[in-house]
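Engineer: Our numbering applies: residue 57 is where the sequence shown begins, and numbers increase by one.
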Amino acid sequence: MRRTPKSTLKKFMRSRKALAIPVTYLILFASLLAIISITYGFAVARISAKGAALKLSVAKQNMQTLDDAVRSVAWSFGASKTAYMEDCGGVFQTQSSKDLSLTLTDEQTFAYTVLNSSIGKVCYVLEASTESQEGLYVKGDSRAIINQSAYPMTQLYFARGENAQQLTLCYRPMATVLAAGTTDGKPLNFIRVYVISLASSEALTASGSFYVKASALNVTVESQLYNLNSTVSSLALKAVSDGVQTTVWLPIESNAEGAFVNLEILTCHIKIQRVNA
C-alpha cells in the first residue's frame, strides 16, 4: 500500500505529540527538583543562621552573668560568687595578656608613669560560623579610662582573635579627684584610680557547660605625693591599654604657691577559676 504524503505527515505529527508529553513531564520534574533544592538550601541556611545567633546570645548572657559576679565581689575582701556558663559552642579562656599603662602629666613640665602592669581579661573564642560583630561593644565603650561613675568600668566587646572572633570581658580604670583643704599653704588634692585586675585568674580553657567562681583576693594600694610649685588648673591622666590611648583631665585646686597632689591607685585583684556545681 502506497503511503500518501498526507498520511505520513499525520503519523509524524502524532509521534511528535507523543514524544512531547514525556519531555514536558521531564522538564517539570527537573524544575520541581531545582525549586526543592533551592528551598531546602535556603531553609538550612536560615536554621544555621538562627542557631549561630542563639549561640551568640548565650555567649553574651554568660559573660554578662560573669560580669555581674565580678562586680558583686569587687572591693569586698574574701567575697566570692559562682556563675553558670551555659554551652554556647565557643571556647572560654582566661588571658593575662592585657596590659595597662597610666601616666600623670600636666602636658608641659612633667610626665610620671604611675602604673605599668597586666590586668588580664577573659574571652570566648566563638565558632567560625558566627557572624562578625568585630568592634561592637555589648557594654561600655573603647575608652581606656573613665572619670565619671555614670560610665561602667566593664568592657564587653567583640574583637578579632588569632584565628576566630572573640567576645572579650575586661575592666578599665576609673579616676576621681577631691580637694581636701590645705597643707603647708598649698591646696591638697586627692586623685584616686580604681583598677579591677583579672590577672590572678586560673589558667583556664573550657567548653560546654561549666561553673566558674569569681573571688576577691585582696586590694592593693600604691600612693605617691606630688609637690607642684606653680599654679595648675588640671592634670591629665593618660591610659594606654591594648593599643588604645585615652586621656582624662582632672580639675586641680592650686594657688600662687602651687599645689599638693596625692595619687592613690587601688587595685582589686579578682581570681576567676573553674569549680564544680
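Backbone N, C-alpha and C fix where the C-beta goes; we use that ideal spot for every residue, glycine too.
What you are looking at is a predicted structure, and each value in this text was computed from that prediction instead of being measured.
I need the DSSP call for A125, collapsed to helix, strand or coil.
Structural biologist: As a first step, residue 125 must be located in the sequence shown, where it is residue number 69. Helix, per DSSP.
Engineer: Among L273, T261, L291, which has the Cα closest to the Cα of Q164?
Structural biologist: Working through the sequence shown from its first residue, we reach residue 164 at position 108. Of L273, T261, L291, the residue nearest in Cα terms is L291.
Engineer: With DSSP as the reference, label A109 as helix, strand or coil.
Structural biologist: Here residue 109 refers to the residue found at position 53 when the sequence shown is read from its first residue. In this structure, A109 counts as helix in the three-state DSSP scheme.
Engineer: Contact between the stretch 143-152 and the stretch 253-268: three or more CB pairs below 8 Å?
Structural biologist: Yes, the stretch 143-152 touches the stretch 253-268.
Engineer: For R343, count neighbouring C-beta atoms within 10 Å of its own C-beta (all shown protein chains included) and say buried if the count is 16 or more, exposed if not.
Structural biologist: Absent from the structure is residue 343, since the part of the chain shown begins at 57 and ends at 333.
Engineer: Helix, strand or coil for V296 per DSSP?
Structural biologist: Translated into the one-based positions of the sequence shown, residue 296 becomes position 240. In the structure shown, V296 sits in a strand (DSSP, three-state: E or B).
Engineer: Within the same chain, show all residues whose beta-carbon is closer than 6 Å to that of T121, passing over the 5 residues directly before and after it, in chain order.
Structural biologist: On the sequence shown, residue 121 is found 65 positions in, with the first residue counted as 1. Excluding positions up to five away in sequence, the list reads A139.
Engineer: Go to A235, then tell me how far its beta strand (DSSP E) extends in each direction, as first and last residue.
Structural biologist: Within the sequence shown, residue 235 is the residue found at index 179, counting from 1. Start and end: 230-239.
Engineer: Buried or exposed, going by whether 16 or more other CB atoms sit within 10 Å of the CB of Q204?
Structural biologist: Stepping through the sequence shown from its first residue, residue 204 is reached at position 148. Looking at its Cβ environment, which holds fewer than 16 other Cβ atoms inside 10 Å, Q204 is exposed.
Engineer: Under three-state DSSP, which class holds M141?
Structural biologist: Taking the sequence shown and counting its residues from 1, one reaches residue 141 at position 85. Looking at M141 - three-state DSSP - the assignment turns out to be strand.
Engineer: When the Cα atoms are used, what is the spatial distance from T323 to S173?
Structural biologist: Within the sequence shown, numbered from 1, the residue matching residue 323 stands at position 267. Within the sequence shown, numbered from 1, the residue matching residue 173 stands at position 117. Approximately 11 Å, taken between the alpha carbons.
Engineer: Starting from the N-terminal side, write out each stretch of the beta strand (DSSP E) that is 3 residues or longer and does not extend beyond the stretch 196-278.
Structural biologist: Counting only runs of 3 or more, we get 210-216, 221-227, 230-239, 242-253, 261-263.
Engineer: Pull up the distance between the alpha-carbon of T303 and that of Y207, whole angstroms please.
Structural biologist: For the purposes of this step, residue 303 is taken as the residue at position 247 of the sequence shown. For the purposes of this step, residue 207 is taken as the residue at position 151 of the sequence shown. Answer to the nearest angstrom: the Cα atoms are 15 Å apart.
Engineer: Rounded C-beta distance between A255 and G134? I'm assuming under 8 Å.
Structural biologist: Here the question's residue 255 lines up with position 199 in the sequence shown. Here the question's residue 134 lines up with position 78 in the sequence shown. Their Cβ separation, rounded to whole angstroms, is 19 Å, which puts A255 and G134 out of contact at 8 Å.
Engineer: Please report how far the alpha carbon of D155 lies from the alpha carbon of D298, in whole angstroms.
Structural biologist: As a first step, residue 155 must be located in the sequence shown, where it is residue number 99. As a first step, residue 298 must be located in the sequence shown, where it is residue number 242. Taking the straight line joining both Cα atoms gives about 7 Å.
Engineer: Give me the DSSP bridge partner(s) of K327.
Structural biologist: Sequence index remark: in the sequence shown, residue 327 carries index 271 (1-based). Per DSSP, S271.
Engineer: By Cβ distance, which residues of its chain are closer than 6 Å to D143, with the 5 residues on each side in sequence left out?
Structural biologist: Start at 1 with the first residue of the sequence shown, and residue 143 comes out as number 87. Cβ neighbours of D143 beyond the five flanking positions: G264, S265.
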